[in-house]
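Presented below is the structure to which this report refers.
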Amino acid sequence: MFSIDDSMNLSLAETPDQKVALTFENPTMQDFFRKWCQFKNVYEKEKAEILAIEDEDKRQVELDKLDATQEEWKLRAMGTTIGCHTIIKKGTEGNTVRVYDLT
């Protein structure tokens with residue numbers, strides 16, 4: 001978290017229910033977390049449906065497929081696949097953020 005805070009504008013706030021909210025002013029990070037949230041919602045829904053499968057072998061096959069899909073999503077999101085490399089760096093002039101696409 002310290003590295004993220006050093007790299008971009010990160011705001012922390014405690015919520016009334018004693019949770020902590022992170023806010024990013026950078027549109028690239030906002031987009032990343034938005035997509036991650038959407039993926040997690042779909043993943044959890046799919047997982048619940050798979051866990052309801054009675055046939056244990058079929059259930060395991062489907063869980064393995066889902067886990068493989070999740071791992072592929074993570075690799076793409078982390079930029080470890082060709083064409084997915086973006087570096088976000090806090091600028092030296094005030095709070096400017098520079099985005100470098102290395103593709």
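Residues in the sequence shown are numbered from 1 upward in steps of one, following full-length UniProt numbering.
Positions of the beta carbon are idealized from the N, C-alpha and C atoms, including for glycine.
Check                                                                                                                                       : Outcome
Counting pairs of beta carbons, one from the stretch 69 to 78 and one from the stretch 30 to 50, are three or more of them closer than 8 Å? : yes
Among all the DSSP beta bridges, which residues are the ones paired with alanine 13?                                                        : Ala21
Is it true that the CB of alanine 21 sits closer than 9 Å to the CB of threonine 28?                                                        : no
Buried or exposed: methionine 8, going by 16 or more other Cβ atoms within 10 Å of its Cβ?                                                  : buried
For asparagine 41, does the three-state DSSP call read helix, strand or coil?                                                               : helix
In this structure, how does DSSP classify isoleucine 82 when only helix, strand and coil are distinguished?                                 : Note that isoleucine 82 scores 49 on pLDDT, short of 50, meaning its location in the model is unreliable; the coordinates nonetheless yield the value given after this. In the structure shown, isoleucine 82 sits in coil (DSSP, three-state: anything other than H, G, I, E or B).
Just reading off the alpha helix (DSSP H) that aspartate 57 is part of, what are its end residues?                                          : 56 to 77
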